[in-house]
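Residue numbers (full-length UniProt numbering), protein chains in the order written: chain L, 1 to 111; chain Z, 1 to 111.
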């Protein structure tokens with residue numbers, strides 16, 4: 001098992017927030033804020049993990065114990081400010097999908 | 001709206017299959033098979049779209065009309081052969097999470 005990149009989530013059910021985005025050109029303060037949001041997310045109640053990759057499209061999946069925990073993170077003040085800056089400066093477009101994970105498995109079976 | 005990279009999914013509910021992976025070194029026939037699987041997925045019943053990005057971690061989210069459609073795709077013979085090759089050659093590790101999307105929104109509200 002390769003560690004570090006994967007989120008270590010518990011047995012389902014839990015919530016996945018799938019955030020897909022296309023960036024605008026330039027940094028415009030994005031890297032610093034992204035790193036701060038990552039740090040801040042990790043200390044929220046119900047936080048389970050985060051997975052992220054970016055090519056043409058960026059995909060970040062954050063995992064939460066339940067819908068209430070995912071919603072609470074959306075409304076953390078510092079995160080709301082980041083979301084507003086995301087809409088006005090960092091993202092040409094984005095989509096958020098909130099989903100309930102029902103099954104999970106790896107190469108050796110359920111995980 | 002930036003087009004091309006985003007999946008154009010309908011109003012929820014629908015199913016998201018979140019596939020996260022870490023590759024082994026080298027191509028080993030991966031690129032050709034990945035492109036073929038992409039092509040094959042698109043013609044399956046209940047296929048809604050696919051989104052993909054890879055850095056240290058690869059994340060591919062495929063969207064399906066329902067659980068039955070996602071399951072059927074998992075069991076398409078050519079895809080089963082690819083999955084076996086994935087386990088033996090292409091992926092150092094991977095995780096699949098099957099989830100039901102319940103809400104979806106973009107910068108301008110529900111989408």
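Ideal Cβ positions, reconstructed from N, Cα and C, are used throughout, including at glycine.
Treat the numbers as computed from the prediction; the structure is a model and nothing was measured.
Query	Result
From L:54, L:25, L:18, L:13, residue whose alpha carbon lies closest to that of residue 104 (chain Z)	L:18
Candidates Z:21, Z:55, Z:51, Z:56, of which the one nearest residue 64 (chain Z) by Cα	Z:51
Reduced DSSP secondary structure (H/G/I, E/B, other) of residue 59 (chain Z)	strand
Where residue 43 (chain Z) falls: helix, strand or coil (DSSP)	coil
Cut-off 7 Å between Cβ atoms - residues of its own chain near residue 1 (chain L), not counting five sequence neighbours on either side	Confidence in residue 1 (chain L) is poor, its pLDDT being 44 and thus under 50, which makes the residue's placement unreliable; the coordinate value appears in the next sentence. Closer than 7 Å at the Cβ level, and outside the excluded window around residue 1 (chain L), lies no residue.
DSSP three-state assignment for residue 77 (chain L), whether helix, strand or coil	helix
Helix, strand or coil at residue 85 (chain L) [DSSP, three-state]	helix
Residue 57 (chain L) versus residue 6 (chain Z) - alpha carbon distance	8 Å
The beta strand (DSSP E) enclosing residue 108 (chain L), as first and last residue numbers	Unbroken run through residue 108 (chain L): none, as it is neither H nor E.
Secondary structure of residue 66 (chain Z), DSSP reduced to three states	coil
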